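Residue numbers (the working numbering): 1 to 313.
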């Protein structure tokens, strides 16, 4: 009995320590600067693919998710407060303008950023894409006018976040660099027109893939640095778009994308051939490597067997 009395305070002390530790560290808030650093590259990448200013994407995410600290962001990975509408995926319910409103739930935060870009491509927001991509003030006011949010100060809040954190600097990123853009009507192998343009530089031809992504072909002796210099691109973007490490050697004739690959291919599926890798398939069809892994439930680094059917759409 005496042993129990002596041990009891010690047990309570351990429990109290664990509880306090959880409160201090389990609910640690993300700082705004950390949040920006974490998601700025995704915002830039989506800007290149969808023509939505990176500053606007970041400001909306910051405002809607409270720097990623809101319950909706933490529990449901919804960083933009997008409600269900015609959503077919998982749903959650929170009190917002009305009680028990339906919001979209995502598997991860990256899906939320992608869905936000797709959401703004709706007809309702078509007028925004007539604005210059560097006109963040026009975009902020346009979002409010188009009914993205009910808060009358929404545009002012976005502009304040952008200017205070200098988010507009991310709108300066360009995949086209100093190359000369010449309007054209390239065609795919099946003869269909591809609604894009071809880029030409003094020393290298740039074409457009069937998945509507600008690319060039690696020449003998090419490196990512050499191509980036010739086309006036930041080398880090070239590596990012093509999943290239510092030590990855380029093969002659290899597709090198000058824009972000897309979330899906024009082809529905693909049967893996001998010697193919997830990266080579990602390059061949212009689909993001991480998205390819995720679509097919494959773990990074696992063996890819010939004959496996991969989903591309």
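Idealized CB from N, CA, C, for every residue including glycine.
All of these numbers come straight from a predicted model, not from anything done at the bench.
Checklist entry - How many angstroms separate the CA atom of residue 296 from the CA atom of residue 278? => result Position 296 of the chain shown, counted from the first residue, corresponds to residue 296. Position 278 of the chain shown, counted from the first residue, corresponds to residue 278. Approximately 11 Å, taken between the alpha carbons.
Item to check | Complete alpha helix (DSSP H) runs within the segment 109–177 (minimum length 4 residues, chain order) | outcome: 109–119, 136–145 and 154–164, all fully within the segment 109–177.
Checklist entry - Okay, do the segment 77–94 and the segment 165–175 touch, 3+ Cβ pairs below 8 Å being the bar? => result With the cut-off at 8 Å, the segment 77–94 and the segment 165–175 do not touch.
Item to check | residue 205 - containing beta strand (DSSP E), residue span | outcome: The residue given as residue 205 occupies position 205 in the chain shown. Run containing residue 205: 205–208, per the beta strand (DSSP E) assignment.
Next on the checklist: On the criterion of 16 or more Cβ atoms from any shown chain inside 10 Å, does residue 31 qualify as buried, or is it exposed?
Outcome noted: Looking up residue 31 in the chain shown gives position 31. Residue 31 should be labelled exposed.
Next on the checklist: For residue 95 and residue 72, I'd like the C-alpha separation in whole angstroms.
Outcome noted: Residue numbering aside, residue 95 sits at position 95 when the chain shown is read from its first letter. Residue numbering aside, residue 72 sits at position 72 when the chain shown is read from its first letter. Linking residue 95 to residue 72 through their CA atoms gives a straight-line distance of about 11 Å.
Item to check | Neighbourhood of residue 192 by C-beta distance below 7 Å, restricted to the same chain and skipping five residues each side | outcome: Residue numbering aside, residue 192 sits at position 192 when the chain shown is read from its first letter. Low confidence applies here, because residue 192 scores a pLDDT of 41, under 50, leaving its location unreliable; read the following figure in that light. Nothing meets the Cβ criterion.
Next on the checklist: Could you pull the DSSP bridge partners for residue 293 from this structure?
Outcome noted: Within the chain shown, residue 293 is the residue found at index 293, counting from 1. Looking at the DSSP assignment, residue 293 forms no beta bridge with any residue, so it has no partner.
Checklist entry - Smallest Cα separation from residue 213: which of 251, 226, 249 and 263? => result Taking the chain shown and counting its residues from 1, the one referred to as residue 213 is at position 213. Out of 251, 226, 249 and 263, 263 has the C-alpha closest to the C-alpha of residue 213.
Checklist entry - Start and end of the alpha helix (DSSP H) containing residue 279? => result Position 279 of the chain shown holds residue 279. 278–285 is the extent of the alpha helix (DSSP H) around residue 279.
Next on the checklist: So residue 271 and residue 210 are supposed to be a Cβ contact under 8 Å. How far apart are they, rounded?
Outcome noted: The count along the chain shown starts at 1 and reaches residue 271 at position 271. The count along the chain shown starts at 1 and reaches residue 210 at position 210. About 18 Å separates the CB atoms of residue 271 and residue 210; that is not less than 8 Å, and the two are not in contact.
Next on the checklist: Considering only the alpha carbon of each residue, which of 126, 114 and 232 lies closest to residue 44?
Outcome noted: Within the chain shown, residue 44 is the residue found at index 44, counting from 1. Nearest option by C-alpha distance: 114.
Item to check | Minimum C-alpha distance to residue 246 - residue among 125, 236 and 221 | outcome: Translated into the one-based positions of the chain shown, residue 246 becomes position 246. Of the candidates 125, 236 and 221, 236 places its Cα closest to the Cα of residue 246.
Checklist entry - Applying the criterion that 16 or more other CB atoms from any shown protein chain within 10 Å of the CB defines a buried residue, is residue 322 buried or exposed? => result Here the chain comprises residues numbered 1 to 313, so residue 322 is not present and cannot be evaluated.
Item to check | Under the three-state DSSP convention, the category residue 288 falls into | outcome: Walking along the chain shown from the start, residue 288 turns up at place 288. Here DSSP, grouped into helix, strand and coil, assigns residue 288 to coil.
Item to check | Between the CA atoms of residue 68 and residue 77 - distance to the nearest angstrom | outcome: The residue you call residue 77 lines up with position 77 of the chain shown. The residue you call residue 68 lines up with position 68 of the chain shown. Going by the C-alpha atoms only, they are around 9 Å apart.
Item to check | Coarse secondary structure for residue 82, derived from DSSP in three states | outcome: For the purposes of this step, residue 82 is taken as residue 82 along the chain shown, with counting starting at 1. Residue 82 sits in coil when the DSSP states are folded into three classes, being neither helix nor strand.
Next on the checklist: Check this for me: beta carbons of residue 40 and residue 58, under 8 Å apart or not?
Outcome noted: On the chain shown, residue 40 is found 40 positions in, with the first residue counted as 1. On the chain shown, residue 58 is found 58 positions in, with the first residue counted as 1. Yes.
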